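Some notes on the structure that comes next.
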Amino acid sequence: MSFTLAPLPYAYEALEPHIDATTMQIHHGKHHQAYVDNLNKAIAGTEHEGKSIEELVKHAGTISPAVRTNGGGHWNHTFFWESLAPNAGGNPTGALADAIDTAFGSLETLKEKFNAAGMTRFGSGWAWLIVKDGKLEVSSTPNQDNPLMDVAEVKGTPILGADVWEHAYYLKYQNKRADYLAAFWNTVSWSKVAERFENAK
Ligand code: MN
């Protein structure tokens with residue numbers, strides 16, 4: 182039983198002009214595929230074969246670095262694709278919108294904090310919106326770590342994540358990570374984030 186790469190839930194060009202088709206093709210078809218392939222290699226013939234990706238990620242600190250990196254890469258990217266949608270963005274509604282106002286004061290402040298988390302993550306990593314003890318928080322992780330991992334500095338249940346590796350934006354935005362993060366919000370599927378929020382509460 183090995184892991185497989187699911188097709189993107191929309192076309193490669195569906196997030197244009199915010200995230201370009203070529204970036205999506207390479208990001209999904211090459212980078213994510215490589216995490217899946219290398220994860221399968223890393224667990225082949227070990228006690229970890231047959232475990233769920235959540236189970237592997239949760240114990241990232243006590244299993245091999247290859248499983249931590251590639252298992253995290255597989256989980257994070259699957260989560261990322263599902264966080265985005267064509268004709269998305271705008272504003273969250275309902276209980277999620279209320280929780281954002283309670284935690285941050287406004288959606289704009291959440292965006293500022295989230296973008297700052299992405300901007301100050303030196304090198305490669307992720308910015309996250311998580312549910313921690315029933316409340317919303319912003320955090321970030323290095324490399325392919327995530328807030329579900331036992332090794333995470335800030336642990337919680339992610340409900341939104343932004344990939345700030347250069348491979349996520351360099352073709353279109355070059356070194357301008359801030360421009361990519363600004364455009365990212367136009368692709369956020371708030372309905373998906375709200376569904377995760379309900380499940381995490
Ligand atoms: Mn990536």
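Quick note on my numbering: the sequence shown kicks off at 182 and runs consecutively. Idealized CB from N, CA, C, for every residue including glycine. Computed from a predicted structure; not experimentally measured.
query: Counting contacts by CB-CB distance shorter than 8 Å, is residue 281 in contact with chain C?; result: Absent here is chain C; the protein component of the structure consists of one chain.
query: Just grab the DSSP bridge partners of residue 307 for me.; result: 322 and 344
query: Can you tell me the Cβ-Cβ gap for residue 327 and residue 305, rounded? I've got them flagged as a contact below 8 Å.; result: Contact doesn't hold; Cβ gap of about 13 Å is too wide.
query: Which residues does DSSP pair with residue 317 in a beta bridge?; result: 312
query: Excluding the five sequence neighbours on either side, which residues of its own chain have a C-beta within less than 8 Å of the C-beta of residue 373, listed in chain order?; result: 263, 264 and 266
query: What span of residues does the alpha helix (DSSP H) with residue 384 cover, start to end?; result: Residue coverage of the chain in this structure runs from 182 to 382, which leaves residue 384 outside it and unanswerable.
query: Spatial neighbours of residue 321 within its chain, please: CB distance less than 7 Å, with the 5 preceding and 5 following residues excluded, ordered by chain position.; result: 298, 299, 302, 306, 307, 308 and 309
query: Quick check: is any heavy atom of the ligand MN less than 7 Å from the C-beta of residue 349?; result: yes
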